[in-house]
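**Student:**
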Amino acid sequence: MTTVVISGANRGLGLALAKKHLAHGATVIGGCRNPAGAHELTSAGAEVLPLDTGSGESIAAFGKAMGDRAVDVLYNNAGIDARAVGAADGARSALDITEEQFRAVVEVNVLGPLLMVQALIDNLRPAKGTIVNVSSQVGSIEVAHRIGRDVSYNSSKAALNMLTLKQSQVLRADGVTVIALHPGWVRSDMGGPTATLDPAESAAGIVTLVDKLTIDDTGSFFQWDGSIHPW
0 MTTVVISGAN RGLGLALAKK HLAHGATVIG GCRNPAGAHE LTSAGAEVLP LDTGSGESIA
60 AFGKAMGDRA VDVLYNNAGI DARAVGAADG ARSALDITEE QFRAVVEVNV LGPLLMVQAL
120 IDNLRPAKGT IVNVSSQVGS IEVAHRIGRD VSYNSSKAAL NMLTLKQSQV LRADGVTVIA
180 LHPGWVRSDM GGPTATLDPA ESAAGIVTLV DKLTIDDTGS FFQWDGSIHP W
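Note that numbering that gives the first Met the number 0 has the sequence shown beginning at 0, numbered continuously upward.
#1: Which two residues bound the contiguous alpha helix (DSSP H) that contains G111?
#2: W230 and P182: beta carbons closer than 7 Å?
#3: Of the residues T1, A37, V175, W184, which one's Cα is nearest the Cα of L123?
#4: Can you check which of these residues, A83, D216, V142, G66, is closest to T129 by C-alpha distance?
#5: Restricting to runs no shorter than 3 residues, where is the beta strand (DSSP E) found entirely within the segment 1 to 36?
#6: From T2, L113, A93, pick the residue whose C-alpha is nearest to that of Q166; which is it?
#7: Given a cut-off of 7 Å on the beta-carbon distance, is the pair I79 and V104 in contact?
#8: Taking the DSSP output, what are the residues bridged to F221?
#9: What residue from T26, L50, G55 has the CA that sits closest to G36's CA?
#10: Could you give the residue range of the beta strand (DSSP E) that holds E46?
#11: Taking the alpha helix (DSSP H) that T41 falls in, what are its first and last residues?
#12: Looking only at DSSP bridge pairs, what is I130 linked to?
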């Protein structure tokens, strides 16, 4: 049976991914900051463990709780933008963002996935697993010329794309596939109600993509529908 680990699994895209994998018969372990409040995730049949990807201690504890269970797919899905750490909607530019806000976004969006892979690498290797770093179109240098107001979010996703490439290089020999993923503009707390994609639609495309990945795809930047995204 396939075992899938998802950070930020209690809502939005993470919850939709959990439901889709559960419907396909997978075992899903979802990480979130408040497991007691993750009623929908628990009701769907996922195992829920405490996880704050902004905390190295929490990530280490999550890895310890996983024990020696093999992991087939790891979604580094948890992410924030500067609004989550107090920035006003119109005050997220390179001239407005504060040091504390920028640092907090990078800690969750870049350092979190780095430490998650380090914590779970011994679980991923036996399964020749797949790591999906949930990035964004605004992490693309090409696309960010046109869109993206939050310098901390854009920068963190560009850094996550580079991290993906470097992880793919060191894990290729182990048969572990690592990709960056633009999930589309998803209707969620971050994406907002006017976004173009329902989380379930995005999740369906992502699961189809992940099921088809091979080691030849490692180090790539994909869109939710399986097409390649420009760097």
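We put the CB at the ideal spot given by N, CA and C, even for glycine.
Owing to the predicted nature of the structure, the values given are computational and were not obtained by experimental measurement.
**Tutor:** The answer reads as follows:
#1: The residue given as residue 111 occupies position 112 in the sequence shown. Residue range 111 to 126 is occupied by the alpha helix (DSSP H) that includes G111.
#2: Position 231 of the sequence shown, counted from the first residue, corresponds to residue 230. Position 183 of the sequence shown, counted from the first residue, corresponds to residue 182. No, the Cβ-Cβ distance between W230 and P182 is not below 7 Å.
#3: Here the question's residue 123 lines up with position 124 in the sequence shown. Nearest option by C-alpha distance: V175.
#4: Sequence index remark: in the sequence shown, residue 129 carries index 130 (1-based). The shortest Cα separation from T129 among A83, D216, V142, G66 belongs to D216.
#5: 2 to 6, 26 to 31
#6: Here the question's residue 166 lines up with position 167 in the sequence shown. Nearest of T2, L113, A93 to Q166, Cα basis: L113.
#7: Looking up residue 79 in the sequence shown gives position 80. Looking up residue 104 in the sequence shown gives position 105. Closer than 7 Å, so yes.
#8: The residue labelled residue 221 in the question sits at position 222 within the sequence shown. Bridge partners of F221: L180, I227.
#9: The residue labelled residue 36 in the question sits at position 37 within the sequence shown. Closest by alpha carbon: L50.
#10: What you label residue 46 is simply residue 47 of the sequence shown in a count that begins at 1. Taken as a continuous stretch (DSSP letters only), the beta strand (DSSP E) holding E46 covers 46 to 49.
#11: On the sequence shown, position 42 is the one that residue 41 refers to. That run of the alpha helix (DSSP H) goes 38 to 43.
#12: Within the sequence shown, the letter at position 131 stands for residue 130. Note: I130 sits in a beta bridge opposite L73, V177.
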